[in-house]
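K.L.:
Questions regarding the structure given below will be posed in turn.
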Amino acid sequence: MDVTFWEMIWPALGRGLLTTLQISAVALTLGFLMGIPAALLRVYGPKWLRWLSVGYIEIFRGTPLLVQLFVIYYGLPDLARALEGLGIEAQFLVLDRMLAAYVALGLNSGAYQAEYFRSAIQAISSGQIMAARALGMSQFQAVTHIVLPQALRLAIPAWSNEVAYMVKYTSVVFIISVPDLLARGQFIISKYYNPMEILLTVGAIYLMIVLGLSTIMGKIERAATIPGLQMEVERG
Amino acid sequence: MDKLPDILGSLPYLLEGALLTLAITVLALISGFVIGLPLALLRVYGRKPAATLAAAYSTVLRGLPSLVVLFILFYGMAAVVKLPAFLAGCVALGFCSSAYQMELLRGAIQSVGPGQMMAARALGMSQLQAIIHIILPQALRLAIPSWSNEAAVVLKDSSLVYAVGLAELLRRSQQVAARTYQSFIVYSLCALIYFAMTFLANRGLDHAERALRLPTPLEETAH
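Just so you know, the sequences run in chain order A and B. Numbers given in my numbering equal positions in the first sequence, counted from 1, plus 1000. Numbers given in my numbering equal positions in the second sequence, counted from 1, plus 281.
Have a look at this one:
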């Protein structure tokens, strides 16, 4: 690829990359906010909340992200219409494509993150909670002061995998026409008809971002590590 | 709700799509295994350049979105060879999966103690014999839980083939949704079918893991 062509396509690809990173960041944050309570409820919650959390986690881990995106982007407005027919106002179910992407990827990531956090929480021996309770802490205090500071550290390796997964999986939003990196690439292809060149460029950008983020997460992991406190998790 | 019979009538059509989804998944998993296993062996037992090459292969493919790999094979290669959507889908998912399978197989191979390899060599086996008769029979069993995870991932990722127009489960759901104007019900039904498939696949592989499990030394002496 010559320099002038690269200069011509870079602004578009750069904007797409920003969208990709933005969606990944929002989805990861939303996923974190969903994942922590879901994990805590699954481990410590009363029975019915435990089931609710298991239901959420299993549904989102057991179905493809693309299908979740379709249910949220195409399905919910349809549900809103049906509810309106019954006289219930449900306009909030109609999401624009960007919002649908945030919600779908966020909920999806939340379910995976919940499982990472759960196994990290369960790796902290229950004796520590008992000891904390014996020292007069409430269950909530024991969880926030004793369990989570250790569990969150344990979850970092799995969490850094999740960061890489999210960046890669944001590419599915291209299918509902969100202008992410892949969508911008496709647009350039339709204009200049040079699919191989552009796709390899787009792939190289994804690769560099994923490798860069993994390096950063590795640094964070080492900085936050407590000697002797480690475990392994994988995404499935 | 008046569309419900129509949607239920489309169920066989959707299930046919689910069969195609399963076919893509199985072929992608098999090709991923066929590529992943030798690479994992190279990574563990190979000479330096081969091991590095295998590691690079895995890093690159694990850093690329499956959708991009699929598009490279389907649109990018179109100028050279026009791959049919089905083949492009199986090969793309197979490549992506091969990198993950390589990693999980490598982990399993490495968790069989290196002493066993030394013992086999000391008994006069070649390295290849030791790998085939001593290491792999244990490593492949150890790999089943992670492999079952990977099978679920590939099954879910097979929905990406939607993007190249293959009439698998999601594409057929979209057709039914467009015809009946019942997106919510149809896509939820589609999700349910995927859920049932991942659930059954996991259960099946759990079962396989238990059936193939080797007895621990303690259990063996009890017999």
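Heads up, the beta-carbon is just placed ideally off N, CA and C, and yes, glycines get one too. The structure presented is a predicted model; accordingly, all values stated were derived computationally and were not measured.
1) Mark residue 491 of chain B as exposed unless 16 or more other C-beta atoms lie within 10 angstroms of its C-beta, in which case mark it buried.
2) Within 8 Å, do at least three Cβ pairs link the region 1040–1049 of chain A to the region 457–470 of chain B?
3) According to DSSP, is residue 1178 of chain A part of a helix, a strand, or is it coil?
4) Can you look up residue 487 of chain B in the DSSP assignment and give me helix, strand or coil?
5) Candidates B:467, B:427 and B:298: which alpha carbon is nearest residue 367 of chain B's?
6) Should the region 1028–1040 of chain A be regarded as contacting the region 1065–1083 of chain A, the criterion being three or more beta carbon pairs within less than 8 Å?
7) In angstroms, rounded to a whole number, what distance separates the CA positions of residue 454 of chain B and residue 1146 of chain A?
8) Between residue 345 of chain B and chain A, is the shortest Cβ-Cβ distance under 8 Å, so that the two count as touching?
9) Measure the C-alpha to C-alpha separation of residue 1059 of chain A and residue 312 of chain B and round it to an integer number of angstroms.
10) Under a three-way DSSP split, which group does residue 1089 of chain A fall into?
11) What are the start and end residues of the alpha helix (DSSP H) that includes residue 1137 of chain A?
12) Roughly how far, in whole angstroms, is the beta-carbon of residue 320 of chain B from the beta-carbon of residue 338 of chain B, given that I think they are within contact range, below 8 Å?
13) Using the Cβ count rule (16 or more neighbours within 10 Å means buried), how would you classify residue 438 of chain B?
14) Which residues, in chain order, does the region 1065–1084 of chain A contribute to contact with chain E at a C-beta distance below 8 Å?
15) Which of helix, strand or coil does DSSP assign to residue 1194 of chain A?
16) Quick check: what's the CA-CA separation for residue 303 of chain B versus residue 1108 of chain A?
17) In chain B, what lies closer than 9 Å to residue 1059 of chain A by C-beta?
18) Leaving aside the five residues before and after residue 474 of chain B along the sequence, list all residues of the same chain whose C-beta is less than 8 Å from its C-beta, in chain order.
19) Mark residue 1236 of chain A as exposed unless 16 or more other C-beta atoms lie within 10 angstroms of its C-beta, in which case mark it buried.
20) Measuring CB to CB, does residue 986 of chain A end up less than 8 Å from residue 1155 of chain A?
21) So the candidates are B:351, B:361 and B:363; which of them puts its Cα closest to the Cα of residue 374 of chain B?
22) Closer than 6 Å by C-beta to residue 1026 of chain A: which residues in its own chain qualify, once you throw out the five before and the five after it? Chain order, please.
23) Considering only the beta carbon of each residue, do residue 465 of chain B and residue 1076 of chain A sit closer than 8 Å?
24) If the cut-off is 9 Å on Cβ atoms, which residues from the region 1163–1174 of chain A count as contacting chain B, listed in chain order?
25) Between residue 1100 of chain A and the rest of its own chain, which residues show a CB-CB distance below 6 Å, the 5 nearest in sequence each way excluded?
26) Could you please give the first and the last residue of the uninterrupted alpha helix (DSSP H) stretch that includes residue 328 of chain B?
27) Among B:314, B:360, B:401 and B:404, whose alpha-carbon lies nearest the alpha-carbon of residue 427 of chain B?
P.N.:
A quick look at the data gives this:
1) exposed
2) no
3) coil
4) helix
5) B:298
6) no
7) 48 Å
8) Taking 8 Å as the threshold, the shortest C-beta distance from residue 345 of chain B to chain A falls below it.
9) Between the C-alpha atoms of residue 1059 of chain A and residue 312 of chain B there is a straight-line separation of about 28 Å.
10) Correct three-state label for residue 1089 of chain A: coil.
11) Taken as a continuous stretch (DSSP letters only), residue 1137 of chain A belongs to no alpha helix (DSSP H), as it is neither H nor E.
12) 6 Å
13) buried
14) In summary, chain E is missing from the structure at hand, where the protein chains are A and B.
15) coil
16) 22 Å
17) 472 and 476
18) Around residue 474 of chain B: 295, 296, 299 and 450.
19) Note that residue 1236 of chain A has pLDDT 49, beneath the 50 cutoff, so the model's placement of it is unreliable and no number is given.
20) Residue 986 of chain A lies beyond the range of chain A shown here (1001 to 1236); nothing can be said about it.
21) Comparing Cα-Cα distances from residue 374 of chain B to each of B:351, B:361 and B:363, the minimum goes to B:351.
22) 1102
23) Contact annotation: residue 465 of chain B and residue 1076 of chain A have beta-carbon atoms nearer than 8 Å.
24) 1164, 1167, 1168, 1169, 1170, 1171, 1172 and 1174
25) 1072 and 1073
26) For residue 328 of chain B, there is no enclosing alpha helix (DSSP H), as DSSP gives it neither H nor E.
27) B:314
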